[in-house]
Amino acid sequence: MRPPWPCPESTRQYAVYMTALRPMAWCAPSRAALLTGRYPVYTGVYNYSGALYALGEEFELLPAMLKRAGYATHAVGKWHLGFREEKFLPTRRGFDSYFGFLNGGEDHFSHAGAGAGCGTVIDLWESATDGPARCAASVPGAECVLNETCRS
């Protein structure tokens, strides 16, 4: 059975086969490496976590490169590469749209998570509304992840 995409055999000659991949102990460094094409130690994302830190603006990310080549870019899932300022959001870093969690650890049913010093927050972001995909009032005591308190 052939794969559903066109000309899979013609792309095989350009493939890179990795035999010794060394992942980091947590997810953000690997995510930064994938999006920048650089080792985590060169992105600055390797020994910290949380909302206070972000992948630096000096890095052009893969979605921005793909957009220049005419591709549409969409992301779904966990971002965890910065959100305290709008300039670090996925849609400001090259993605046309984004739906998912901005921080690193959330409850997948209530969408509540630790707010990086802001208490309980709702962290399910939807770029179509440029805001939370769910109202914070649905979780007692929660705020939306990108409120002014969390940004300051």
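Counting along the sequence shown from 1, when you hit position 85 you're at 307 in the numbering used here, and nothing is skipped either side.
We put the beta carbon where it would ideally sit given N, CA and C, even for glycine.
Computed from a prediction, not measured in an experiment: that's the story for all the values here.
DSSP places A255 within a helical segment (H, G or I) once states are collapsed to three. Y264 sits in a helix when the DSSP states are folded into three classes.
With fewer than 16 other Cβ atoms from the protein chains shown falling within 10 Å of its own Cβ, E280 counts as exposed. Counting the other Cβ atoms within 10 Å of the Cβ of F331 gives fewer than 16, which makes it exposed. By the Cβ neighbour-count rule, L256 is exposed, with fewer than 16 other Cβ atoms within 10 Å of its own. Proximity of the region 291-301 to the region 261-269 falls short of the contact definition, fewer than three beta-carbon pairs being nearer than 8 Å. Close CB contacts of P312 within its chain, under the 6 Å cut and outside five residues either way in sequence, are with A297, W301 and Y320 (chain order). Approximately 6 Å separates the beta-carbon atoms of D345 and H333; this is inside 8 Å, confirming the contact.
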